[in-house]
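Be aware that the sequence shown starts at -13, since it is given in my numbering, and climbs by one per residue. Here is the structure we will look at.
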Amino acid sequence: MFGKNRVEEDLARIRKANLPPEKRPDRENIAPDEKFGAKDILAMIIAVFSIVLPYAALFIGLMGLFVLLISRVF
-13 MFGKNRVEED LARIRKANLP PEKRPDRENI APDEKFGAKD ILAMIIAVFS IVLPYAALFI
47 GLMGLFVLLI SRVF
């Protein structure tokens, strides 16, 4: 799943983060800038939809039921 190189990089970061403050290297090398990939963005979109979509469907369904009931009364 993950490349061996990535695991080694993560272990090196963990070791550097656990060093005492006087032995820590400069902050630039600890956390490099990582960008979101296409799969990460897709996962975030699906997560937002899974939270919002049921409530939106419930709201639309209730409004449709309300309109149906009002149209039969009047």
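For each residue, glycine too, the CB sits at the ideal point set by N, CA and C. Fair warning: this is a prediction, and the values are worked out from it, not measured in the lab.
Which same chain residues, not among the five before or five after residue i, have their C-beta less than 8 Å away from its C-beta?
i: G47; result: none
Looking only at its own chain, which residues have a Cβ that is under 6 Å from the Cβ of residue i, when we skip the five neighbours before and after it?
i: F52; result: none
Excluding sequence positions up to five away, which residues of its chain have a Cβ less than 7 Å from the Cβ of residue i?
i: I27; result: none
i: G23; result: none
Handout entry: beta strand (DSSP E) runs wholly inside the segment 22 to 53, at least 3 long, in chain order
Key = none
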